[in-house]
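Written out below as structure tokens is the structure these notes cover.
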Amino acid sequence: EQGFSRDELKEKGRHNRAMEGAYEARTAAVGAGGGMKQADYDRAFKAFREDRALMNLDDEATAKDLADIMARLYQQTGGGREGASDNAILKAVMAAHADGSLDELREQYGLQ
């Protein structure tokens with residue numbers, strides 16, 4: 001049986017609400033601009049990979065994997081325009097990494 005503290009549940013709820021809002025914003029943002037391009041992904045990957053949160057990870061492969069997930073979420077949610085902010089994506093992915101729910105996040109947003 002896995003129990004969660006009240007703070008853990010509150011944080012998970014904030015994470016889910018932030019990502020749901022970002023995902024809903026995707027339709028308007030991506031539809032209006034014809035979709036995100038590979039260059040958008042590349043810029044987002046580089047920016048996320050160079051963020052202090054990922055630079056401080058000891059495992060390079062994990063850091064790259066997390067940056068990839070972040071960049072794909074950025075691309076999928078129309079990030080930067082009317083979509084999810086870089087900070088919201090960074091926090092959501094790092095929270096999922098910390099609490100072991102990264103696979104759930106990938107599945108939820110179709111990032112297989």
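Quick note on numbering: the sequence shown equals residues 1 to 112 in full-length UniProt numbering. We put the CB at the ideal spot given by N, CA and C, even for glycine. The model shown is predicted, which means the values in this text are computed figures rather than measured ones.
Inside the region 59 to 98 only - alpha helix (DSSP H) runs reaching at least 4 residues: You should have 60 to 76.
Nonlocal neighbours in the same chain, by C-beta distance under 8 Å from residue 96, ignoring five residues either side: Translated into the one-based positions of the sequence shown, residue 96 becomes position 96. Hits under 8 Å: 15, 102, 104, 105.
Spatial neighbours of residue 11 within its chain, please: CB distance less than 7 Å, with the 5 preceding and 5 following residues excluded, ordered by chain position. Position 11 of the sequence shown, counted from the first residue, corresponds to residue 11. Contacts found: 95.
My assumption, with CB atoms under 8 Å, is that residue 64 sits in contact with residue 52. Please give the rounded CB distance. Reading the sequence shown from its first residue, position 64 is the one you call residue 64. Reading the sequence shown from its first residue, position 52 is the one you call residue 52. No, residue 64 and residue 52 are not in contact; Cβ-Cβ is about 16 Å, not under 8 Å.
Within 8 Å, strictly: CB atoms of residue 89 and residue 73: Position 89 of the sequence shown holds residue 89. Position 73 of the sequence shown holds residue 73. Cβ atoms of residue 89 and residue 73: closer than 8 Å.
Go ahead and label residue 75 buried or exposed: buried means 16 or more other beta carbons lie within 10 angstroms of its beta carbon, across all protein chains shown. Reading the sequence shown from its first residue, position 75 is the one you call residue 75. That one is buried.
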